[in-house]
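Asks: Quick one: the structure is below, and I'll ask about it shortly.
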Amino acid sequence: MILLDIMLPDVDGFEVCRQLKGQQRTRDIPVVILTALDGEEHMQRGQECGAVAFMTKPFEPERLIEVIQENARGRTNGAAKRG
């Protein structure tokens, strides 16, 4: 599992996620986006790039643990959901 922020120095997290999902070696690794950016457009972009969940900061640590456990067990349907 990869926990990924959107705001990165050289390339945004959406592009990193797209690159990960476009490579055979990494396409099956679940990506959870953790970001300070809130808004439906960001969540939609997270879903489009292949993230399994989208969480905004600040977040409850217990909720992050739940999201990790759900995706470690393969209980997601492949669509990003707000955590």
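Last residue of the sequence shown: number 90 in the numbering used here, and the count goes up by one each step with no gaps.
Idealized CB from N, CA, C, for every residue including glycine.
All of these numbers come straight from a predicted model, not from anything done at the bench.
Residue ranges of each beta strand (DSSP E) run of no fewer than 3 residues wholly in the region 16 to 90, ordered along the chain?
Replies: 38 to 42 and 60 to 63
Asks: Drop a sphere of 10 angstroms on the beta-carbon of M8, count the other beta-carbons inside from all chains shown, and report buried for 16 or more, exposed for fewer.
Replies: exposed
Asks: Throw me the rounded Cβ distance for the A58 and V38 pair, which I believe falls under 8 angstroms.
Replies: 5 angstroms
Asks: Check I13 in the structure and name its three-state DSSP category.
Replies: Coil at I13, not helix or strand.
Asks: Where does M50 land, buried or exposed, given buried means 16+ other C-beta within 10 angstroms?
Replies: M50 comes out buried.
Asks: Where D35 and T63 are concerned, what is the direct C-alpha to C-alpha distance, given to the nearest angstrom?
Replies: Distance between the alpha carbons of D35 and T63: 23 angstroms.
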